[in-house]
Structures are given as structure tokens and as C-alpha cells.
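A.B. asks: Just so we're aligned: the sequence shown equals residues 314 to 393 in our numbering.
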Amino acid sequence: MLAVVLDVYEGGKDLIPEWKLKEHAESALATGGPEGLRRYYEACLTDSAHRVKTTLERERRRTLESERERFMSIYLGAAR
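(1) From which residue to which residue does the alpha helix (DSSP H) around A343 run?
(2) Please classify T367: is it buried, with 16 or more other beta-carbons within 10 angstroms of its beta-carbon, or exposed?
(3) I need the DSSP call for S386, collapsed to helix, strand or coil.
(4) Within 10 Å of its beta-carbon, does G325 have 16 or more other beta-carbons around it, so buried, or fewer, so exposed?
(5) Can you list, in chain order, the residues of its chain with a C-beta nearer than 7 Å to that of C357? Leave out the 5 residues immediately preceding and following it.
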């Protein structure tokens, strides 16, 4: 699950200065486990992340939205 977030982060960190996605995702996983990371991921989708999404899409990079299905499939596999 964290690998999905890191893929998005690594693909876009050059476009978004001081992006804290990686640090916050690692913290969410460390404190809340897979469920904590899932909650953080979902929060990122609903927050004011529209500017980040637009920037990444304009440069044809992966976004949290474009990788949501992959993330959830790993999450559901981990929940079993």
C-alpha cells in the first residue's frame, strides 16, 4: 500500500515543492497500520488536493486518484 503512495510521490515530487505526502503517509502507516494509511489516502482524495492532482495530470504523472484502484486492491488483500 505504501508503495503505491511512494510511486505517486516519487513521480511528482519534482513538480510540487515541499510536498509532505511521503512523510505523512509513512506516519499514518506507523501509527494506524493499514487502516490508518487507508484513512489518510482517502483524506488526501477529499482535501484541497485538486491543485496537486491538476499539476500531476498536466504533466501526465500518476495521481492518487489514478492509483486508487491499485491501492484499494492491495488494502483489501491485506485486510484478509
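Where a beta carbon is used, it is the ideal one built from N, C-alpha and C, also for glycine.
C.D. replies: By the coordinates alone:
(1) L334 to T359
(2) exposed
(3) helix
(4) Buried is the label assigned to G325, since at least 16 other Cβ atoms lie within 10 Å of its Cβ.
(5) L377
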